[in-house]
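Q: Going by the working numbering, the first residue of the sequence shown is number 13, and it counts up by one from there.
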Amino acid sequence: RLGELGVGDDSTLVLVGDPVQFATYAYWVLVLSGLATRATVLDGGHATWAQRGYPLTTQVPATPTPTRTMTPATPVTPARLLRIGREEVREGLGRAGRVVLDLRSREEYVGVRVAPLSAPFDHGAVRAGHIPGARHLPLEQLLTPDGLFRSRRELAAAVAAVGVSRDVEAVTSCRLGHRSTLGWFVLTRLLDHPRARVYDGSWTEWGSLVGFPIER
Numbered sequence: 013r014l015g016e017l018g019v020g021d022d023s024t025l026v027l028v029g030d031p032v033q034f035a036t037y038a039y040w041v042l043v044l045s046g047l048a049t050r051a052t053v054l055d056g057g058h059a060t061w062a063q064r065g066y067p068l069t070t071q072v073p074a075t076p077t078p079t080r081t082m083t084p085a086t087p088v089t090p091a092r093l094l095r096i097g098r099e100e101v102r103e104g105l106g107r108a109g110r111v112v113l114d115l116r117s118r119e120e121y122v123g124v125r126v127a128p129l130s131a132p133f134d135h136g137a138v139r140a141g142h143i144p145g146a147r148h149l150p151l152e153q154l155l156t157p158d159g160l161f162r163s164r165r166e167l168a169a170a171v172a173a174v175g176v177s178r179d180v181e182a183v184t185s186c187r188l189g190h191r192s193t194l195g196w197f198v199l200t201r202l203l204d205h206p207r208a209r210v211y212d213g214s215w216t217e218w219g220s221l222v223g224f225p226i227e228r
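(1) Kindly identify the DSSP beta-bridge partner or partners of S185.
(2) Between the alpha carbons of V222 and R139, how many angstroms are there, rounded?
(3) Have a look at P183 and L47 and give me their C-alpha separation to the nearest angstrom.
(4) Along the chain, where does the beta strand (DSSP E) containing A208 start, and where does it finish?
(5) Using the C-alpha atoms, what's the distance from P73 back to V174?
(6) G60 lies in the alpha helix (DSSP H); which residues open and close that run?
(7) If you compare alpha carbons, which of R201, T24, R228 is closest to P82?
(8) Answer yes or no: do L105 and G145 have a C-beta to C-beta separation smaller than 8 angstroms?
(9) For L129, which of helix, strand or coil comes out of DSSP?
(10) Determine the DSSP secondary structure at H148, reduced to helix, strand or coil.
(11) Decide if the segment 194-208 is in contact with the segment 126-136; the criterion is three or more beta carbon pairs, one per stretch, under 8 angstroms apart.
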């Protein structure tokens, strides 16, 4: 599919999200696929680009002909070190050496809502609350009001405040998975944290599973 869009082995991919966490989700998927060697994320995403008056267009570029190819690559990092499933999360609850980070809004974290206030409907899981023991790390602590990543000093302070140090594994979670990839991106790409994984099933899965524990 990337080849059909004109992306080749020598291409640099600039991922633009609206908001930015959609770009970090795409970046994480590329890392899983071994295709992120020349990929980067536009800080602030589309919104910040527009707010700063940078050029925009409504024209859709034509698909290049002929299409290019990308050589399948063996992922640099195995999937098991990037992604974690529900059973492994549950088995590790309360275990020393692992911190689960919840990147949802406060309303979602405390169980007042299942979806953020910005969502048109409050839906996404059967139950509300959070994974037992999960630490709350909302996006506001990682992004400025303009949607830019905060400074490395601020980011390091934010993750340290919720118990993340270099000797623990961090598991990021949210509602649908994309906010959790932003947390993963901050940890691994901006702070060089050695062990972080995304629980991409996140609350939509966990909050709908019979017998899985929750806290409010």
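The C-beta atom is built at its ideal place from N, Cα and C for all residues, glycine as well.
A: Taking the coordinates as given:
(1) The residue you call residue 185 lines up with position 173 of the sequence shown. Bridge partners of S185: D114.
(2) As a first step, residue 222 is located in the sequence shown; it is residue number 210 there, counting from the start. As a first step, residue 139 is located in the sequence shown; it is residue number 127 there, counting from the start. Going from the Cα of V222 to the Cα of R139 covers about 10 angstroms.
(3) Start at 1 with the first residue of the sequence shown, and residue 183 comes out as number 171. Start at 1 with the first residue of the sequence shown, and residue 47 comes out as number 35. In the sequence as displayed, the identity of residue 183 is Val instead of Pro. Whole-angstrom Cα-Cα distance: 23 angstroms.
(4) The residue given as residue 208 occupies position 196 in the sequence shown. A208 -> beta strand (DSSP E) spans 208-210.
(5) The count along the sequence shown starts at 1 and reaches residue 174 at position 162. The count along the sequence shown starts at 1 and reaches residue 73 at position 61. Spanning the two alpha carbons is a distance of roughly 44 angstroms.
(6) Residue 60 sits at position 48 when you count from the first residue of the sequence shown. Note that residue 60 corresponds to Thr in the displayed sequence, not to Gly. Counting along the chain, the alpha helix (DSSP H) containing T60 begins and ends at 57-63.
(7) Against the sequence shown, residue 82 aligns to sequence position 70. Residue 82 is actually Met in this sequence, not Pro. Closest option to M82, Cα to Cα, is T24.
(8) Residue 105 sits at position 93 when you count from the first residue of the sequence shown. Residue 145 sits at position 133 when you count from the first residue of the sequence shown. Their beta carbons are under 8 angstroms apart, which means L105 touches G145 by this criterion.
(9) The residue you call residue 129 lines up with position 117 of the sequence shown. In this structure, L129 counts as coil in the three-state DSSP scheme.
(10) Position 136 of the sequence shown, counted from the first residue, corresponds to residue 148. Three-state result, H148: strand.
(11) no
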